[in-house]
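Here the sequence shown stands for residues 190 to 544, numbered as in our numbering.
Glycine is no exception: its CB is placed at the ideal position from the N, C-alpha and C atoms.
Here's the structure we're looking at; comments come further down.
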Amino acid sequence: MKGFLVLEDGEVYVGTTIGAPNEVWGEVVFHTAVTGYQDIITDPAYLGQIVVLTYPLVGNYGIDPTELVEKRPHVRGLVVKEFCVFPHNWRSQESLASFLRRSGVVGLQGLDTRALTRHLRDKGPMRGIITRNIDNLAAVLERLRSLPTIEEQDLVDEVATKHPYVAQEGSRQINVIDLGGAAEILATLRDFPVGVTVFPPAFPVEEVVRNNPLLTVISNGPGAPQAAPIGDLTQILSKTPLFGVGLGHQLLAMAAGAKVVKMAQGHRGHNLPVKEEGGRVFISRQSHGYVVEEESVVGTDLAITHRNLNDGTIEGLRHRRLPIASVQYRLPLGPMAPKEENPLTRWLHELGISS
190 MKGFLVLEDG
200 EVYVGTTIGA
210 PNEVWGEVVF
220 HTAVTGYQDI
230 ITDPAYLGQI
240 VVLTYPLVGN
250 YGIDPTELVE
260 KRPHVRGLVV
270 KEFCVFPHNW
280 RSQESLASFL
290 RRSGVVGLQG
300 LDTRALTRHL
310 RDKGPMRGII
320 TRNIDNLAAV
330 LERLRSLPTI
340 EEQDLVDEVA
350 TKHPYVAQEG
360 SRQINVIDLG
370 GAAEILATLR
380 DFPVGVTVFP
390 PAFPVEEVVR
400 NNPLLTVISN
410 GPGAPQAAPI
420 GDLTQILSKT
430 PLFGVGLGHQ
440 LLAMAAGAKV
450 VKMAQGHRGH
460 NLPVKEEGGR
470 VFISRQSHGY
480 VVEEESVVGT
490 DLAITHRNLN
500 DGTIEGLRHR
510 RLPIASVQYR
520 LPLGPMAPKE
530 ENPLTRWLHE
540 LGISS
């Protein structure tokens with residue numbers, strides 16, 4: 190069935206719908222990965238967004254649930270040039286289109302994704318709606334422009350845990366503050382002989398430090414850091430070693446006195462180069478639209494440890510006096526990811542916590 194992607198600036202792209210037969214709206218962004226669509230559509234960082242994949246044919250290897258860190262999609266919509274109808278992979282259990290349909294995610298294919306990506310590159314992310322009816326385009330645009338922006342939505346609350354729980358038993362404790370992306374943190378911590386307790390975002394500081402944790406990790410999550418409903422991190426900076434990932438990195442930076450701003454174009458890809466302060470360069474997965482403003486770091490106790498090689502923006506920080514570190518990019522996971530490249534693993538080893 191014919192479908193339309195309408196952007197808030199009035200641009201309209203025509204395609205055919207696939208997946209769930211719903212109407213959906215969100216912030217429209219593009220992702221440059223060639224493979225890894227399973228990881229993209231299930232990443233909690235994309236909650237509230239319609240993701241455009243720049244690679245022209247998507248779904249070639251179907252869906253293998255054993256490779257999913259997150260078990261359900263979080264994107265509001267997925268836009269591609271063409272969905273693969275007959276995936277080829279002996280481990281595939283269903284097609285991407287079937288997975289989207291079963292999960293209630295709207296898909297759109299057949300439009301010029303190159304033109305759409307260029308438009309988003311030049312104009313920046315904006316609100317959009319996937320709909321099957323634009324007979325009254327003026328009314329669609331009026332409704333779209335009245336919807337909240339990504340900065341006006343509390344998206345973390347939709348995916349974060351509501352209550353504390355024990356994820357892993359052990360005598361020595363590590364705490365995780367879940368902003369929606371705790372699954373990646375927990376997957377890393379399984380290699381360590383420690384107990385793990387997960388806390389909701391609006392945590393009482395006294396609860397987090399009560400078990401005298403070896404480390405407290407603040408996870409990644411969706412939305413703007415200014416909208417995240419998290420407890421007062423300034424009260425915890427000196428009470429426990431800390432490590433932040435993604436949104437957690439941004440919130441730690443803000444708690445330490447830095448400023449986080451929205452990027453004209455976010456980093457959304459699986460092949461983005463990052464350089465450490467020691468000179469080592471590696472490839473990272475990234476899914477963020479906000480960045481720590483470099484000028485705001487001056488005068489704080491934060492030191493820049495990682496930079497993006499494409500645009501020079503900050504990808505990692507470390508506190509000069511306290512055991513606090515953070516990275517903007519996602520943790521490398523999976524059997525092919527070297528454990529020594531996982532920054533959380535390296536930070537644990539630096540704190541004397543061995544696997």
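Euclidean distance between Cα positions of residue i and residue j
i	j	result
Asn499	Pro462	7 Å
Tyr250	Phe288	13 Å
Leu533	Ile363	12 Å
Leu300	Ile229	20 Å
Val247	Gly313	24 Å
Met315	Glu340	12 Å
Val217	Asn401	42 Å
Lys451	Glu504	14 Å
Gly293	Thr231	13 Å
Glu373	Leu522	8 Å
Tyr354	Arg399	14 Å
Gly501	Asn531	21 Å
Arg535	Ala371	18 Å
Arg379	His352	21 Å
Val481	Asn325	41 Å
Gln517	Ala327	39 Å
Val258	Ile207	24 Å
Ala234	Leu520	13 Å
His277	Pro262	21 Å
Thr224	Asn460	10 Å
Glu545	His220	Residue numbering for the chain in the displayed model covers 190 to 544; residue 545 lies beyond these limits and cannot be assessed.
Val203	Lys191	7 Å
Val295	Ala209	5 Å
Leu344	Gln415	11 Å
Val201	Ser360	57 Å
Candidates the options: closest to residue i by CA position
i	options	result
Val383	Val258, Gln282, Ile542	Ile542
Leu267	Gly359, Pro245, Phe432	Pro245
Val486	Leu537, Ala349, Ala445, Trp536	Ala445
His456	Val470, His477, Gly468, Leu440	His477
Gln342	Lys428, Gly215, Glu482, Asp311	Gly215
Gln439	Phe392, Val223, Tyr479	Tyr479
Leu330	Phe272, Ala413, Leu194, Gln454	Leu194
Val264	Asn409, Val213, Leu511, Asn497	Val213
Glu283	Asp253, Thr377, Ala222	Asp253
Val434	Ile513, Val274, Leu403, Pro262	Ile513
Ser281	Thr302, Asn497, Ile323, Thr255	Thr255
Ser427	His459, Val394, Thr386	Val394
Leu403	Arg469, Phe381, Asn497, Ala492	Phe381
Leu511	Ile323, Thr302, Thr423	Thr423
Thr243	Phe272, Cys273, Val274, Thr302	Thr302
Val470	Val348, Asn497, Thr489, Asp490	Asn497
Asp421	Phe432, Ile323, Phe392, Asp311	Phe392
Nearest-angstrom Cβ-Cβ length linking residue i and residue j, presumed shorter than 8 Å
i	j	result
Ala447	Leu368	Incorrect: roughly 18 Å between the Cβ atoms, too far for contact.
Gly437	Ile407	3 Å
His495	Glu465	6 Å
Leu297	Ile319	5 Å
Phe388	Ile419	With 8 Å as the limit, Phe388 and Ile419 do not qualify as a contact, their Cβ atoms being about 10 Å apart.
Gly237	Pro411	6 Å
Leu309	Val241	7 Å
Leu285	Tyr226	7 Å
Ser515	Ala413	Not a contact, Cβ separation roughly 17 Å.
Thr405	Leu431	5 Å
Bridge-paired residues (DSSP) for residue i
i	result
Glu216	Gln238, Arg316
Leu404	Ile363
Ala492	Arg507
Leu194	Tyr202, Ile319
Phe388	Ile366
Ile542	Paired residues: none, contrary to the question.
Tyr354	Val387
Asn497	Val463
Ile513	Leu431
Ile339	Answer is none; Ile339 lacks a bridge partner.
Report task. Kindly provide the ranges of any alpha helix (DSSP H) runs that are 4 or more residues long and lie completely inside the stretch 418–485, ordered along the chain. Result -> 436–444
Query raised in the report: Hey, which unbroken runs of the beta strand (DSSP E) at 3 residues or more fall wholly within the stretch 243–314?
Result: 266–268, 295–298
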